[in-house]
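With our numbering as the guide, the letters of the sequence shown map in order to residues 428 to 1190. Each residue gets a CB set at the ideal place from its N, CA and C atoms; glycine is no exception.
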Amino acid sequence: MTTRGITRRQLLLATGGAALLSQVPIGLALGHSRDGAKAPAFIEDLIAKMTLQEKAGQLTLFGAAMQNGAAAAANPVTSTGAVSAQIAAAKAGQLTGVFNSSNVLYHERLQKAAMQGRLKIPMIFAADVIHGFTTVFPVPLGESASFEPELARRTARAAGMEASSVGIDWTFAPMVDIARDARWGRGVEGSGEDVLLGKRMADARVRGFQGERGLADPEAVVACPKHFCAYGAAEGGLDYNTTDVSERVLRQTYFPPFQSGFDAGAMTTMASFNEISGIPATGNKWLLDDVLRGEWDFRGVVVSDYTGDEELIAHGYARDGRDATRLAILAGVDMSMQSGLYLKYLPELVESGEVPMEVVDRSVRRVLQLKAQLGLFDDPFRRIKPQAPSRQRLPDTLALAREAARKSVVLLKNEGDVLPLRASGQRIALIGPLAQDWDSTKGPWTLFGGDDSASDLATGLKQAMADASQLSVTAGCGYEKALDGGVDDAVQAAKAADVVVMAIGESRDDSGEARSRTSITVPQVQLDLLAAVAATGKPVVVVLSNGRALALADLLPNAKAVLVSWYLGSSSGLGLADVLFGAHGPSGRLPVSFPREAGQVPYYYDHKITGRPDPHPEKLTAFKTRYMTSPNAALFPFGFGLTYGQIEYGALDLGDARLAADGTLTVRATVHNRGSRDAEEVVQLYLHDRAASITRPKQELKDFKKVAIAAGASVQVEFSLRRSDLLFVGQDLKPTVEPGTFDLWVAPSAEVDGLHATFELLA
Ligand code: NOJ
């Protein structure tokens, strides 16, 4: 989605303005019946026939009793029950579906059991298909560095096709939590710190998973923007921790990517684990009912996170399991994941009158409607075709993984043009714990990906080199531990080479759920190895693996070039080699600011200016908004990334620099490539509202365009700004726009001047 060509409704929704709208609800536009209204007759007939226990069963989801090791390790161990018990529950109508099985035969057994049940209500099969299924694509944070939503749509489509081919109907993705604290481990699953990028990626991924032919399409999987809401605002970057976020910040920052996902047609969402200002999301009626269903008219299903309803007890919000059930269902959580509480307590809560039957019926109706939209009532086996030729890994999918891998790479430094490397006539020493580690390239959230045709960096380099014997591979050290003789081996290898590629950084276990860290640097043992290798005088190219923004000040002096590679998935090595040898130039841009030090986090570029901004970040000025030890600025800002070209921002033209209330301001910028290599530039447009009734961020990204600029060529990039681009959440918490002067930058990243101008928004 671009900000162009979208409806006013979408624009207002995207800035929290649903309450202002009275037009056609999204759900109706998408063909869903109004929430709470009668569903198709057959669903109403079913509801009328269901016992209370069967209704509670429709609202109960469990982890599959058959899961592979990685899937089983993705959550705390709680009993899923035996296979036989799960099949019996399916037949008895006590289970709405299961998640995280990739076993098509198990799906078939369960569905057959459900079809033998009294009411023959089909089961739904869910899974954490986060960034690929059999084929692993770059982690979502990495892929967001492509600044190419269309790429994210295509990889989500491929993942959806692969997953649906084993019977999966529903993915617990995309993760759309804005994440601004690099300590938080789960930033790796999302799109980073920026609202606009987050919105565009959410839209693209939902459309990708769900496809274009409707949810009943056998290759569609229904998407689940998660975790609703503000999970990424965890205090101290500590996973599951408290968040205390104002309603304005929720509306301005955390809601918009969800709204984008729902606008794109997502029919489920997941309540987050965290509390928001004292009320856990899973028991938060304002969030789930008033805002989500009331203001936004969301018609889909809200599922709890894993035992999220039961955790209301530990939060100190519910007295016991029965109370937790009551609070969660009354707040608007339709489906309980993994605790079994709904099955246990809903019937008695209805009988005692504490939970009205209509509330349960409403949730059951939503779940059955979702199953109907997925085509499961027409053919419960539509995605379960064990005999059909596998749709897993279509011929083009690995090529897509390679394209996604190379487009996710961000070049931070390239002193003396050490990159690109030469494919022949250059001896290369590949050193580091990530040199030959396919497993790590999968990142922290790969539950299903195979490794049959995967490539790590050593494989990628060998394949690209004219003579693979010119490559040596040495680990040098482990992730956190030294290896006996490792540094000596590495130094010898470096001395024997013309150039060193150091594959260092975080292991795949350093980020992800419950993987928050207090330190955001490359482990010391690896920095020591790097220093020893650099001391040989050989040029060193660092290829970083990382699931978060890192503080790189200690690393930079020892690296001539630095590439951020995140975790690139199945075609990691090949994609990296494409960039390292220059077959494709680096085109990624940072989706998160890389701070100077961990002590700055949470750091994000669109922070407020404060009453005492720092005029000279590079020198210490007293009584200004800065640290004694560090300026209040990133080392590598959001949006930053170099190319092999030489990009220069030229003229900026805003016409008369006046934007009328119903008009458009056309912004034209000329960007040159003065270098001798073709490049792709992500041209970014930032705004700042100089004076407003609510203080506005220092800069906000309002649009971006990725353009190819041939060596020696120039391009003119055009943006169109409208009044709706200038909306913010006003004093009354409604979308507001106020006339006045705006600063505008067209720039290669945040925090650099680029081309600057001002314009007036007229009354
Ligand atoms: C907990 C995670 O927070 C959520 O993202 C995931 O979908 C569930 N576990 C199910 O695995």
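Judging by CA-CA distance, which residue of the options is the nearest neighbour of residue i?
i	options	result
PRO1166	VAL1134, ARG1085, ALA1140	ARG1085
GLN637	ALA583, LEU677, GLU616	ALA583
GLY748	GLU722, GLY710, PRO783	GLY710
SER699	SER592, PHE1021, PHE685	PHE685
SER571	ARG627, ALA541, ALA516	ARG627
ARG1095	GLY1102, ALA1088, PRO822, LEU1112	LEU1112
ASP1159	VAL649, ARG536, ARG675	ARG675
PHE1155	VAL786, ASN502, ARG678, ALA958	ARG678
PRO1029	ARG610, ILE931, ILE1136	ARG610
ASN1258	ASN668, GLY877, VAL777	Coverage of the chain is limited to positions 428 through 1190, which leaves residue 1258 absent and any answer about it impossible.
ASP1180	PHE1186, TYR1076, SER1151	TYR1076
ALA516	PHE560, LYS539, THR824	LYS539
Rounded C-beta distance between residue i and residue j? I'm assuming under 8 angstroms.
i	j	result
ALA491	VAL525	4 angstroms
GLY887	GLY1000	3 angstroms
GLY903	LEU861	Contact doesn't hold; Cβ gap of about 10 angstroms is too wide.
THR752	TYR769	6 angstroms
VAL791	ILE551	Wrong, their Cβ atoms sit about 13 angstroms apart, outside the cutoff.
HIS654	PRO707	Incorrect: roughly 12 angstroms between the Cβ atoms, too far for contact.
LEU1017	PHE1065	6 angstroms
VAL649	MET694	5 angstroms
SER899	ALA923	7 angstroms
ALA600	ASP630	Wrong, their Cβ atoms sit about 14 angstroms apart, outside the cutoff.
Which residue marks the beginning of the alpha helix (DSSP H) containing residue i, and which one marks its end?
i	result
PHE1063	Taken as a continuous stretch (DSSP letters only), PHE1063 belongs to no alpha helix (DSSP H), being part of the beta strand (DSSP E) at 1061-1063.
LYS834	824-835
HIS534	531-542
THR886	884-891
GLN1143	Element bounds for GLN1143: not the alpha helix (DSSP H) but the beta strand (DSSP E), 1141-1149.
ILE474	468-476
How should residue i be labelled, buried or exposed, when 16 other C-beta atoms within 10 angstroms of its C-beta is the threshold for buried?
i	result
VAL967	buried
GLN450	Because the pLDDT of GLN450 is 31, which lies under 50, any placement of that residue in the model is unreliable, and the question is left without a value.
PRO984	exposed
MET1055	exposed
VAL504	exposed
GLN800	buried
GLY444	Below a pLDDT of 50, predicted positions are generally treated as unreliable, and GLY444, at 35, falls in that range; no measurement from the model is reported.
SER867	buried
LEU440	Bear in mind that the predicted position of LEU440 carries a pLDDT of just 35, short of 50, making it unreliable; the figure below should be weighed with that in mind. It is buried - the Cβ of LEU440 has at least 16 other Cβ atoms within 10 Å.
TRP1172	buried
ALA1174	buried
THR945	exposed
GLY625	buried
GLN480	exposed
HIS1043	exposed
ILE523	For the record, residue 523 in the displayed sequence is Thr; it is not Ile. Its Cβ being crowded by 16 or more others within 10 Å, THR523 is buried.
GLU785	exposed
ASP621	buried
Does at least one heavy atom of the ligand NOJ sit under 7 angstroms from the Cβ of residue i?
i	result
ASP761	no
TYR681	no
ASP736	no
PHE526	yes
ASP1159	no
GLU940	yes
ALA629	no
ASN668	no
ASN502	yes
PHE599	yes
ASP732	yes
HIS654	yes
ASP596	no
ASP604	no
ASP555	yes
In terms of residues, what are the limits of the beta strand (DSSP E) holding residue i?
i	result
ILE855	855-858
GLN1111	1106-1116
ALA606	Note, ALA606: premise wrong, no beta strand (DSSP E); not H, not E.
LEU1182	1182-1188
ARG793	From DSSP, ARG793 is part of no beta strand (DSSP E) but of the alpha helix (DSSP H) over 784-800.
GLY1077	1074-1080
LEU1092	1091-1100
MET929	926-932
LYS771	That residue, LYS771, is in no beta strand (DSSP E); its alpha helix (DSSP H) goes 768-778.
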